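Residues in the sequence shown are numbered from 1 upward in steps of one, following full-length UniProt numbering.
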Amino acid sequence: MIFFPDFYVRYVTGFRGSRKLKVGEFSFTKNKECANKTYWSCARAGMDKCKARVLTYTLKNGEENLVVRYPTHNHGPF
1 MIFFPDFYVR
11 YVTGFRGSRK
21 LKVGEFSFTK
31 NKECANKTYW
41 SCARAGMDKC
51 KARVLTYTLK
61 NGEENLVVRY
71 PTHNHGPF
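The following block contains the structure:
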């Protein structure tokens, strides 16, 4: 679990067994992986056309970091 100011970030298992990223009350699904970076899209991107995005990456020392690329959701938490 990663602590991010004002909310927790954690990995959860989705309904169909996939890995999801939970940032506060919002869920993100994996979009793509490149080397040490993983790009995540809001789980409601298809239904609500939400543009919220997150990037996670791992440093050489194993520390995992999170960058919120587009923080605004166009829907409430779920």
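For glycine and all other residues, C-beta sits at the position ideal for the given N, C-alpha and C.
Since this is a predicted model, take the numbers as computed values, not measurements.
Residues that residue i bridges to, as DSSP identifies them
i     : result
Leu21 : Tyr11 and Phe28
Leu66 : Thr56
Thr38 : Glu33 and Thr56
Reference residue i; option with closest CA among the options
i     : options                : result
Phe33 : Pro71, His73 and Thr56 : Residue identity check: residue 33 is Glu in the sequence provided, not Phe. Residue Thr56 is the option with its Cα nearest to Glu33.
Leu66 : Gly14, Ser18 and Val23 : Val23
Val54 : Met47, Gly62 and Arg69 : Arg69
Arg19 : Ser41, Glu63 and Lys51 : Ser41
Asn61 : Asn36, Asn31 and Gly17 : Asn36
Local conformation of residue i per DSSP, three classes
i     : result
Asn61 : coil
Met1  : Since pLDDT at Met1 reaches only 41, below the 50 mark, its modelled position is unreliable, and the value read off the structure follows with that caveat. The answer is coil: DSSP assigns Met1 none of H, G, I, E or B.
Residue span of the alpha helix (DSSP H) that contains residue i, given as start and end
i     : result
Ala43 : Taken as a continuous stretch (DSSP letters only), Ala43 belongs to no alpha helix (DSSP H), as it is neither H nor E.
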